[in-house]
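When you read off a place in the sequence shown, starting at 1, and then add 13, the result is the number in my numbering.
Yeah, the Cβ is synthetic: ideal placement off N, Cα and C, and Gly gets one too.
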Amino acid sequence: MLIKRCPIILALFLLYGCSTHRYSVSDSFVSFFLTYRKANSVEFLYSIDDFRSHPASEIKDGLWEVRVPFHHEFSYFYKVDGKVFVPECELREEDDFGFENCLFHVHR
């Protein structure tokens, strides 16, 4: 039975294993974590400060972290090796250029 499931598990890993995204909130800061194994650099950009670049730190092999302040909801995306990357996220909104960004909102 396990052998029959291996192709399905492998396909899911290949589909979703390249990058994953999560966050944690503490006080008025949020830490974003992006797993992107082949990245050389990761930047976080968000609407609170007009999408200025915030370099992420690689805290483990392929796991990147950035911690930013927030007061209200905001839109965001990443740049991975200089290219825009919008991860899978629950909420999205269209920007002024016709692209989508993730939308961050925490219910307190």
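Tell me the DSSP secondary structure of residue 6 in three-state form. There is no way to answer for residue 6, as the model of the chain reaches only from 14 to 121.
Specify the secondary structure class of residue 54 as computed by DSSP and reduced to three states. In the sequence shown, counting from the first residue as 1, residue 54 sits at position 41. Residue 54 falls in the coil class under three-state DSSP.
Examine the Cβ distances between the stretch 57 to 65 and the stretch 31 to 41 and report whether three or more of them are shorter than 8 Å. no
Give the straight-line distance between the Cα atoms of residue 24 and residue 51, rounded to the nearest whole angstrom. As a first step, residue 24 is located in the sequence shown; it is residue number 11 there, counting from the start. As a first step, residue 51 is located in the sequence shown; it is residue number 38 there, counting from the start. Residue placement at residue 24 is flagged as unreliable, the pLDDT there being 37, under the threshold of 50; the coordinate-derived value follows with that caveat. Each residue's Cα considered, the two are about 18 Å apart.
contact_flag[the stretch 96 to 113, the stretch 77 to 85] where n(CB pairs < 8 Å) is 3 or more: no
Identity of the residue in 87, 93, 38 nearest residue 114 by Cα: Translated into the one-based positions of the sequence shown, residue 114 becomes position 101. When each option's Cα is compared against that of residue 114, the closest is 87.
Using a Cβ cut-off of 9 Å (strictly closer), state whether residue 49 contacts chain C. The structure shown has no chain C; it contains just one protein chain.
Leaving out five residues on either side along the sequence, give the residues of the same chain with a beta carbon under 8 Å from the beta carbon of residue 66. Counted from its first residue, the sequence shown places residue 66 at position 53. Excluding sequence neighbours, residue 66 sits near 56, 57, 58, 92.
Using the C-alpha atoms, what's the distance from residue 119 back to residue 39? For the purposes of this step, residue 39 is taken as the residue at position 26 of the sequence shown. For the purposes of this step, residue 119 is taken as the residue at position 106 of the sequence shown. Straight-line Cα distance between these residues: approximately 11 Å.
I need the boundaries of the beta strand (DSSP E) containing residue 88, first residue and last residue. Sequence index remark: in the sequence shown, residue 88 carries index 75 (1-based). Taken as a continuous stretch (DSSP letters only), the beta strand (DSSP E) holding residue 88 covers 87 to 93.
Could you pull the DSSP bridge partners for residue 115 from this structure? If you number the sequence shown from 1, residue 115 lands on position 102. Its beta-bridge partners are 89, 105.
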